[in-house]
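As structure tokens, the structure follows; a few thoughts come after it.
Numbering (the working numbering), first residue to last: 826 to 1641.
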């Protein structure tokens, strides 16, 4: 879904004295001059400022546009630097290459494909108020937009540089669009006033030995000027998608893992095998027909001694009847199974694994295996003081024995019936010496993931977690876009929360602020680079109600995200179970931030998200407002900012308060309590009765209202609701003030005296998975809107006069 409306343009460019200059087409900022490059060669940083331009060639590119190649050489270094500059229809592409023209190997380190330095004559003109320019910080666990003058002078972003000037309304985006060979990032240093002193577009791969006569190409940069900061990011994601063409299954998965409240590690609970089968039965009984068809949480209980590496060694205490029997029983109940796996490393204490992989271990520059002391959260023998007792080893993805080792594991698991994985702890060791020296560390990691994809099968869902990166595009399905939100951990004697299995108000597992900010800022990657995965939904008591509402709102709006259920479905509180069901079944959408570039760090944060919804019977918009402050937050929902016609009238419904707020033009006032989120449904005002909302799904109609129709001749509103048999539900209907409901038996009717319209609640009973309804209306033939003496008016004319007299300035409420 594209939200931006502006069109991107390739910047105008030129070379002056061997330096690259970029400027916005026409007049005005941004303008960049004196851009060079730099690279570590044999341990020393060398710059293009020290090199001489030796050649320039021009020729037609694939689309007929002129492609320019410029070469540079250093006086005492036998390495040639080549820039390839390729204009496109709406962007400029820059690729760098290094050619070793000498007789011996050269070690290449961090490579700044573009490097602008103020102390070397480089300038970056960002407009009249550079300190107020917004920097988009893409950091996997800490996404945010920052003012250039407000972050202590240093800014960092993975993958792309995105600068938005709110004064000039312009955006500069310089983003890598090839991602499968190197880790890439941008760093930008500036003064308090926003003046840029240093900018680097960097390719990282550790220390790479470039043989004599060989060439190393960097990742390709796509540079574009834009008038819409949202559309610029979406266009970058489109460009990446066009290069790699990843495919995604639909809809998103719903997986049960438990873990927040169950503790199979202690003697207080039954075995995990028993817990899992009971919870699977509870899902079929308490959440039937809602798409929860996968279970997980088994891996950490399954591996002997809880140690990664014991991939085939099952702990009989937790799985007493054996893993094949458990998998068969779950398959009979209609469940697939999701496993956790660390594909890049294992612990030496796992039985026989180190001996089997000594030849294909990842090695350092000296040729020694890379090994690290470590602890593990599920280690059954860990010291209570969390003293490291384990040793971590890494696998060389370029070695055939590694590939066979991984292939055997995933073929084994596929035969068991595993059809989903969380692939975790995917950090890449940058300075390793690989078995195949031609390849880079990211390429080695992708070799392992490619084997996993082939062995696991294309019908298996692969999700990455810690250290997710766009560099795995095309090999995985989904990527975690935040922290370990919603997850639990074992209780003592394990070294997590000691005397609890879940936490609140921490900086990681229950950090609602980062949960919202990361989900909001990652919208543009969804189903273009990977499926955005928000992780785990845990809402049972004693999780505070507002925390639960926030989590349900986000997972409900982000229907395209897979969801892992963390609660014990056997015992979950009935009201919290109903809240879980509000997110099911899954859909495809992802909410879009509205004020991401307006409310920025360190002064504020993104508060408003929107999700346009399209159904065969209506298009409407959902707007979520987040307040992470310690005090209540009041604002106005600006309809134009939500992509709506500000001159039109919109009916606004508060989902969590189940309240019709009124009909408004232009904007609507809303208020959100501290540490909370509110959700509003905005639908076009119609002259006849129509749906306001439902209490069956966060998306309020897209999933649970199969059809809706108004027949003017018979004055009948009819429709069909869809929900599993036995599930309760209600629809809320707006009735204009000059109509009355005829067949109102069992329907609750409440008049809102602010506009004299009526809100009707129609309860539905799902004896099967469909419930039809038909509401018949007739004109209300009276001039009275209320009984005399109850209010300062009684007739419609008196009421309209009263409203006109008491209307406050700026009031946008519509009285029809």
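In this text, a Cβ means the ideal position worked out from N, Cα and C, and glycines have one as well.
Report yes if the C-beta distance between residue i and residue j is below 9 angstroms; otherwise report no.
i: residue 1451; j: residue 1090; result: no
i: residue 1466; j: residue 1493; result: no
i: residue 1407; j: residue 1388; result: no
i: residue 954; j: residue 1019; result: yes
i: residue 1169; j: residue 1222; result: yes
i: residue 1503; j: residue 1521; result: no
i: residue 1445; j: residue 1544; result: no
i: residue 797; j: residue 986; result: With the chain covering 826 to 1641 only, the question about residue 797 has no answer from this structure.
i: residue 933; j: residue 1073; result: no
i: residue 1604; j: residue 1582; result: no
i: residue 1144; j: residue 1094; result: no
i: residue 973; j: residue 988; result: yes
i: residue 1476; j: residue 1509; result: yes
i: residue 1186; j: residue 1219; result: yes
i: residue 1175; j: residue 995; result: no
i: residue 1289; j: residue 1251; result: yes
i: residue 923; j: residue 895; result: no
Go to residue i, then tell me how far its beta strand (DSSP E) extends in each direction, as first and last residue.
i: residue 1050; result: 1046-1051
i: residue 1007; result: Note, residue 1007: premise wrong, no beta strand (DSSP E); not H, not E.
i: residue 1163; result: 1161-1166
i: residue 1601; result: 1595-1604
i: residue 1458; result: 1458-1463
i: residue 1553; result: 1553-1560
i: residue 1288; result: 1286-1289
i: residue 1435; result: 1433-1439
i: residue 1094; result: Here residue 1094 belongs to no beta strand (DSSP E), and DSSP marks it neither H nor E.
Rank the options by C-alpha distance to the C-alpha of residue i and give the top, closest one.
i: residue 939; options: 913, 950, 1507, 906; result: 906
i: residue 1295; options: 1070, 1331, 1385; result: 1070
i: residue 801; options: 1178, 1245, 1172, 1236; result: In the structure displayed, the chain extends from 826 to 1641; residue 801 sits before or after that span and is not available.
i: residue 1292; options: 1331, 1247, 1316; result: 1247
i: residue 1244; options: 1414, 1160, 1225, 1606; result: 1160
i: residue 1478; options: 1129, 1488, 1276; result: 1488
i: residue 836; options: 1288, 1568, 842, 856; result: 856
i: residue 1473; options: 1497, 1453, 1507; result: 1507
i: residue 1229; options: 1433, 1419, 1276; result: 1276
i: residue 968; options: 1430, 1135, 1416; result: 1430
i: residue 1641; options: 926, 1512, 1588, 1598; result: 1512
i: residue 1416; options: 895, 1349, 1454; result: 1349
i: residue 1164; options: 1082, 1190, 1186; result: 1082
i: residue 878; options: 1448, 867, 898, 1622; result: 898
i: residue 1133; options: 1626, 926, 1199, 1342; result: 1199
i: residue 1156; options: 1105, 1122, 1176, 1194; result: 1105
i: residue 1436; options: 1167, 883, 1419; result: 1419
i: residue 1505; options: 1540, 931, 1464; result: 1464
i: residue 1424; options: 1346, 1381, 1397, 1376; result: 1346
i: residue 916; options: 1529, 1051, 844; result: 1051
i: residue 1481; options: 949, 1495, 1470; result: 1495
i: residue 880; options: 869, 865, 840; result: 840
What whole-angstrom Cβ distance do residue i and residue j have, given they're in contact under 8 angstroms?
i: residue 1546; j: residue 1596; result: 5 angstroms
i: residue 959; j: residue 1000; result: The pair is not a contact, with the Cβ atoms about 16 angstroms apart (cut-off 8 angstroms).
i: residue 1154; j: residue 1102; result: 6 angstroms
i: residue 1602; j: residue 1584; result: About 14 angstroms; that fails the 8 angstroms criterion.
i: residue 1125; j: residue 1203; result: 4 angstroms
i: residue 1265; j: residue 1300; result: In fact, because the Cβ distance is near 16 angstroms, the residues do not count as touching under 8 angstroms.
i: residue 873; j: residue 863; result: 7 angstroms
i: residue 1285; j: residue 1490; result: The Cβ separation is near 50 angstroms, so there is no contact.
i: residue 1404; j: residue 1383; result: With 8 angstroms as the limit, residue 1404 and residue 1383 do not qualify as a contact, their Cβ atoms being about 15 angstroms apart.
i: residue 1149; j: residue 1422; result: The pair is not a contact, with the Cβ atoms about 53 angstroms apart (cut-off 8 angstroms).
i: residue 1231; j: residue 1162; result: That belief does not hold up - the Cβ atoms of residue 1231 and residue 1162 are roughly 19 angstroms apart, past 8 angstroms.
i: residue 1498; j: residue 1332; result: The pair is not a contact, with the Cβ atoms about 22 angstroms apart (cut-off 8 angstroms).
Just reading off the alpha helix (DSSP H) that residue i is part of, what are its end residues?
i: residue 1381; result: 1370-1382
i: residue 1234; result: 1225-1241
Original post:
Per the contact definition of three or more C-beta pairs closer than 8 angstroms, is the stretch 962-980 in contact with the stretch 1026-1040?
Top reply: no
**OP:** Indicate whether the contact test is met: 3 or more Cβ pairs, each with one atom in the stretch 1349-1361 and one in the stretch 1065-1079, closer than 8 angstroms.
**Re:** yes
Original post:
How do the stretch 1523-1537 and the stretch 1560-1578 stand: do at least 3 beta-carbon pairs fall below 8 angstroms, yes or no?
Top reply: no
Original post:
Any chance the stretch 910-928 sits against the stretch 886-894, with 3 or more Cβ pairs inside 8 angstroms?
Top reply: yes
Original post:
Can you find at least 3 beta carbon pairs, one from the stretch 1106-1123 and one from the stretch 1053-1067, that sit closer than 8 angstroms?
Top reply: no
Original post:
Given 8 angstroms as the limit, is there contact between the stretch 1303-1310 and the stretch 1333-1349, that is, 3 or more CB pairs closer than that?
Top reply: yes
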